[in-house]
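Novice: Top line first, the protein sequences correspond to chains A and B.
Residue 142 in the working numbering is what sits at position 72 of the first sequence, and the numbering runs on without skipping anything.
Residue 90 in the working numbering is what sits at position 20 of the second sequence, and the numbering runs on without skipping anything.
Glycine included, each C-beta is placed from N, C-alpha and C at the ideal position.
Remember, predicted model here, so these are calculated numbers, not experimental data.
There are 2 protein chains.
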Amino acid sequence: MPTVCFNADLCVMTKFSALISGKWKPILLYLVQHGINRFNLMHGYMPTISKKVLTEQLRELEADGLLHREEIKVKAPKVVVYHLTEKGASLRKLIDEIISWCMEHMKDEIPQDLLAIFRQSPPAFVQAP
Amino acid sequence: MPTVCFNADLCVMTKFSALISGKWKPILLYLVQHGINRFNLMHGYMPTISKKVLTEQLRELEADGLLHREEIKVKAPKVVVYHLTEKGASLRKLIDEIISWCMEHMKDEIPQDLLAIFRQSPPAFVQAP
DNA sequence: ACAATAAGTTACCAAATGGTTACCTTTAAC
DNA sequence: GTTAAAGGTAACCATTTGGTAACTTATTGT
Chain A
71 MPTVCFNADL CVMTKFSALI SGKWKPILLY LVQHGINRFN LMHGYMPTIS KKVLTEQLRE
131 LEADGLLHRE EIKVKAPKVV VYHLTEKGAS LRKLIDEIIS WCMEHMKDEI PQDLLAIFRQ
191 SPPAFVQAP
Chain B
71 MPTVCFNADL CVMTKFSALI SGKWKPILLY LVQHGINRFN LMHGYMPTIS KKVLTEQLRE
131 LEADGLLHRE EIKVKAPKVV VYHLTEKGAS LRKLIDEIIS WCMEHMKDEI PQDLLAIFRQ
191 SPPAFVQAP
């Protein structure tokens, strides 16, 4: 019997996965970084997400310290703006490195046109994160 | 309405998450890299995984081209050895970078002693992946 | 008086994921 | 001839995750 044991619940990668593996989270971080930072604006760029799930994912990103949520106190219909925290911005950089790895090692699963666009301008404003 | 739309099913990070987000997969890659590469041997290092799930995760890692499974044709009780493919080895390097990021940016969620060990010898043979 | 807009919430549902326990197959050793 | 070891399967269950569709609240413009 080994003296060292591994436990998935204590695994650092388990915690990291929890951070990014919400279905829409990498896309949300990317959009907020690029100024797509309001609820209905984001929803317009992600037509297939439901409002319920969009709310959930945003709240989780906020709870994990990746996004900051700011309610702008204007009298009109409430306006809410999201922006990246430092941790969130730093995670965005790491995600770009992960995407680079994917472009090299998962070529077969990534559409040709995306690969081509990526080669020209890495974190382009197209479908990637 | 924006001309660009984002779809989580086409997202590169979704594919990447599928690669690593099996609960035990990062640990398995790490163990195999360190020569813990047989079914019951691995099971000894991961006492809380069930055989069913261990089989499943190994099979998925194999299907994703990260591990190679080799049945050694000896007459005795069948012996099976796993080893990393090139893709798997390259993913292990990326995971080490991800863990470095976690050690910097998720300090509060990572036990002190692990942080200390990590500072001395990064990819140590202790609970980390 | 009424519709529209921003940003959600509520109730309910389906699929995926990991887990438990018991069982299987082949060969060698006692 | 039964047992042990290696590497699994099979049947079944609970939780988590994302999804649908309808409803909400406050204010402003017509």
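Can you list, in chain order, the residues of the segment 116-150 of chain B whose Cβ is nearer than 8 Å to any Cβ on chain A?
Specialist: Going along the segment 116-150 of chain B in chain order, one finds Met116, Pro117, Thr118 and Ile119 with a Cβ nearer than 8 Å to chain A.
Novice: Do we get a CB-CB distance below 9 Å when we pair A/Asn77 with the residues of chain B?
Specialist: Indexing the first sequence from 1 puts residue 77 of chain A at position 7. Yes, its Cβ sits closer than 9 Å to a Cβ of chain B.
Novice: Which one of A/Glu130, A/Asp183 and A/Trp171 has the shortest CA to CA distance from A/Leu99?
Specialist: On the first sequence, position 29 is the one that residue 99 of chain A refers to. Minimum Cα distance to A/Leu99 is reached at A/Glu130.
Novice: In its own chain, which residues sit with a C-beta less than 6 Å from the C-beta of B/Arg139, not counting the 5 before and 5 after it?
Specialist: As a first step, residue 139 of chain B is located in the second sequence; it is residue number 69 there, counting from the start. Glu132 and Tyr152, listed in sequence order.
Novice: Would DSSP call B/Leu137 helix, strand or coil?
Specialist: Your numbering for residue 137 of chain B matches position 67 in the second sequence. It is a strand residue.
Novice: Using the Cβ count rule (16 or more neighbours within 10 Å means buried), how would you classify B/Val149?
Specialist: Residue mapping note: residue 149 of chain B aligns to position 79 of the second sequence, counting from 1. Its Cβ having fewer than 16 others within 10 Å, B/Val149 is exposed.
Novice: CB B/Gln197 to CB A/Phe86, shorter than 9 Å?
Specialist: To locate residue 197 of chain B, count along the second sequence from 1; it is residue 127. To locate residue 86 of chain A, count along the first sequence from 1; it is residue 16. No.
Novice: Just the C-alpha distance for B/Lys163 and B/Leu101, rounded to the nearest angstrom, thanks.
Specialist: Taking the first residue of the second sequence as position 1, residue 163 of chain B is located at position 93. Taking the first residue of the second sequence as position 1, residue 101 of chain B is located at position 31. Their Cα atoms are separated by approximately 14 Å.
Novice: What span of residues does the beta strand (DSSP E) with B/Val151 cover, start to end?
Specialist: For this step, residue 151 of chain B is matched to residue 81 along the second sequence. Here the beta strand (DSSP E) through B/Val151 covers Val149 to Leu154.
Novice: Using 9 Å as the threshold, is the C-beta distance between A/Ile97 and B/Cys81 below it?
Specialist: Taking the first residue of the first sequence as position 1, residue 97 of chain A is located at position 27. Taking the first residue of the second sequence as position 1, residue 81 of chain B is located at position 11. Cβ atoms of A/Ile97 and B/Cys81: closer than 9 Å.
Novice: Over the uninterrupted alpha helix (DSSP H) stretch that includes A/Ile180, give me the two end residues.
Specialist: Position 110 of the first sequence, counted from the first residue, corresponds to residue 180 of chain A. Where A/Ile180 is concerned, there is no enclosing alpha helix (DSSP H), given that its DSSP letter is neither H nor E.
Novice: Which residue or residues does DSSP assign as beta-bridge partners of A/Ile142?
Specialist: Counting from 1 along the first sequence, the entry for residue 142 of chain A is found at position 72. The partner list for A/Ile142 (beta bridge, DSSP) reads A/Val149.
Novice: Applying the 10 Å Cβ sphere with the 16-neighbour rule, what's the burial state of B/Asp79?
Specialist: Position 9 of the second sequence holds residue 79 of chain B. Exposed, since its Cβ has fewer than 16 Cβ neighbours within 10 Å.
Novice: How many whole angstroms separate the CB atoms of B/Phe195 and B/His104, which I take to be in contact at a CB cut-off of 8 Å?
Specialist: Numbered from 1 along the second sequence, position 125 holds the residue referred to as residue 195 of chain B. Numbered from 1 along the second sequence, position 34 holds the residue referred to as residue 104 of chain B. Contact holds; Cβ gap of about 6 Å.
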